[in-house]
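Residue numbers (my numbering): 19 to 312. The beta-carbon is built from N, C-alpha and C at its ideal position, and this holds for glycine as well. This report refers to the structure that appears directly beneath it.
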Ligand SMILES: [Zn+2]
């Protein structure tokens with residue numbers, strides 16, 4: 019009975035919390051998107067994991083709504099300076115480096131919204147689809163239930179990247195990792211270089227192979243981040259100052275490596291806005307939370 023009462027109050031409590039958070043005068047909201055599809059001319063992608071794709075119209079309506087609520091969209095390099103500063107700020111981020119992220123550019127230009135795109139160069143240079151899209155596509159074709167696909171994904175996520183990629187090739191064949199559509203294709207080297215030159219676009223580090231960093235030893239984690247820096251520098255002409263941990267996975271050792279490599283800000287997937295009382299910085303610069311669209 020008591021449990022039911024608490025459950026019935028929860029939606030209104032969540033709504034109240036959200037509404038208070040929206041009005042809080044010192045805050046930064048970091049938004050996290052992955053893949054996009056243009057819902058004015060195509061259906062949700064069926065050739066890639068649908069859980070990581072959002073329609074372009076949703077991105078547009080979220081940006082428009084936040085602007086209407088008085089949020090100022092900042093450039094990525096302003097992240098640390100606005101924390102603890104009076105005002106409502108938002109930062110737009112994208113993870114992984116899907117080619118369909120280029121679809122966002124007209125909207126970003128129209129609404130004057132800068133964004134940071136965290137990419138994995140090995141996927142870009144080798145035009146390899148991400149493992150979760152391959153698993154989804156291959157298991158759907160074998161009529162595996164979405165429950166079992168979810169379970170398989172959770173199991174594979176526990177593997178270090180080199181073991182995971184070897185297992186993917188062994189189970190599904192090397193050809194299965196070839197992208198089949200705009201839904202699962204990483205940007206090409208030329209697309210990334212052109213994209214990076216746009217004044218609204220900043221490129222960030224998402225490791226070389228989308229590596230879950232706490233699964234690696236210190237040397238392996240450092241190599242993933244360093245190789246990614248070198249590859250992005252070769253493709254885009256600069257070394258990123260920001261990092262997004264794949265899967266949001268970070269521990270003390272990884273956070274320390276990110277600091278020692280000179281990253282100014284590192285992002286997790288902990289879902290909360292950054293609220294402060296205007297006195298001290300409310301958040302560790304190596305553990306910045308991000309909100310994913312509902
Ligand atoms: Zn990712």
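Contact fails between the stretch 45 to 60 and the stretch 168 to 185, because fewer than three Cβ pairs, one in each stretch, are under 8 Å apart. Residue ranges of uninterrupted alpha helix (DSSP H) with 4 or more members, entirely inside the stretch 208 to 291 and ordered along the chain, are 236 to 254, 270 to 278. Not one heavy atom of ligand 1 falls within 7 Å of the beta-carbon of residue 141. Secondary structure of residue 100 (DSSP, three-state): helix. Collapsing the DSSP output to three states places residue 190 in a helix. Secondary structure of residue 139 (DSSP, three-state): helix.
For residue 126, the enclosing alpha helix (DSSP H) begins and ends at 123 to 129. For residue 113, the shortest C-beta to heavy atom distance toward ligand 1 is below 7 Å. A distance criterion of 7 Å places the beta-carbon of residue 311 beyond contact range of ligand 1, judged by its closest non-hydrogen atom. Cα atoms of residue 169 and residue 189: separation of roughly 16 Å, rounded to the nearest angstrom. In the DSSP assignment, residue 168 falls within the alpha helix (DSSP H) that extends over 164 to 174.
Counting only residues of its own chain and dropping the five nearest sequence neighbours on each side, residue 205 has a CB closer than 8 Å to the CB of 115, 116, 117, 119, 120, 137, 142, 213. Beta-bridge analysis with DSSP links residue 92 to no other residue. When 154, 160, 184, 109 are compared, the shortest CA-CA separation from residue 126 is found for 109. For the pair residue 273 and residue 304, the CB atoms are nearer than the 8 Å cut-off. Nearest to residue 37 by alpha-carbon distance, out of 69, 76, 87, is 87. Excluding sequence positions up to five before and after residue 292, its CB lies within less than 8 Å of the CB of 45, 46, 47, 48, 101, 300, 301, 306, 307, all in the same chain and listed in chain order.
Under the three-state reduction of DSSP, residue 42 is assigned to coil, being neither helix nor strand. Closer than 7 Å to some heavy atom of ligand 1: that does not describe the Cβ of residue 227.
Per DSSP, residue 154 lies in no beta strand (DSSP E) segment; the continuous alpha helix (DSSP H) that holds it begins and ends at 149 to 159. In the displayed model, residue 66 falls within coil according to three-state DSSP, outside both helix and strand. Distances taken from the Cβ of residue 132 to the heavy atoms of ligand 1 include none shorter than 7 Å. A distance below 8 Å separates the beta carbons of residue 94 and residue 132. Beta-bridge pairing by DSSP links residue 106 to 45. Residue 147 is not a Cβ neighbour of residue 54, given a cutoff of 8 Å.
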